[in-house]
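Asks: Here it is, the structure in full.
This is how it looks when you write it as structure tokens:
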């Protein structure tokens, strides 16, 4: 008889710990309240045909001068063109496609306009870096950032866009762009 009392005592402790005090058995039914969905990734904006702007907090909007991409106070609408699985090209209204100028002698690769999106230099991949920001990875694994000191002849210190290496394999806050989808 003592073992039966001990078993009942342990069972009552188990029920109490599970929330079934006072003889109530806890419900094992799943909750019908849906859990909130996580917010969509800002990378989901990079779909074929989407029009976006990209803004770097300290420098301005992704834009284009005659021969170089740069960051300015004036936003440029960029159209997304899917190029292959998970990659895309960006172009303005002309259209100028943005791509990297591969220069093995340079520390960075500048972002320049191209006539079409058929070369690997114009393909980018999106990396979500949080806070509605993305980093754009080029074909070499580097990331686009405004870089005022990357061009020695840049006396005005206009922030040109260049692809620079990640730090410990990850983009830095200098590589972060806020994605905006302009109203139609």
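Numbering (mature numbering (1 follows the signal peptide of the UniProt record, and there is no 0)), first residue to last: -18 to -1, 1 to 166. C-beta atoms are modelled at their ideal positions from N, C-alpha and C, and glycine is treated no differently. Quick caveat, the model's predicted, so the values are computed rather than measured.
The beta strand (DSSP E) with residue 33 in it runs from where to where?
Replies: First-last of the beta strand (DSSP E) with residue 33: 33 to 38.
Asks: May I have the straight-line CA-CA distance separating residue 4 from residue 21, to the nearest angstrom?
Replies: Low per-residue confidence applies at residue 4: pLDDT is 49, beneath 50, and the placement is therefore not dependable enough to give any value.
Asks: I need the boundaries of the beta strand (DSSP E) containing residue 125, first residue and last residue.
Replies: First-last of the beta strand (DSSP E) with residue 125: 125 to 129.
Asks: Which stretch, first to last residue, makes up the beta strand (DSSP E) that contains residue 63?
Replies: Run containing residue 63: 60 to 66, per the beta strand (DSSP E) assignment.
Asks: Please report the straight-line C-alpha distance between residue 36 and residue 80, rounded to a whole angstrom.
Replies: Approximately 13 Å, taken between the alpha carbons.
Asks: Taking the straight line between their C-alpha atoms, what separation do you get for residue 159 and residue 14?
Replies: Going by the C-alpha atoms only, they are around 38 Å apart.
Asks: Does the beta-carbon distance from residue 59 to residue 153 come in below 8 Å?
Replies: Result no, Cβ atoms of residue 59 and residue 153 do not sit closer than 8 Å.
Asks: Sorted by chain position, which residues of the same chain lie with C-beta nearer than 7 Å to residue 113's C-beta, five sequence neighbours on each side aside?
Replies: If we look at residue 113 and ignore the five residues flanking it on each side, it has no Cβ neighbours.
Asks: Distance check for residue 87 and residue 115, CA to CA, integer angstroms please.
Replies: Spanning the two alpha carbons is a distance of roughly 31 Å.
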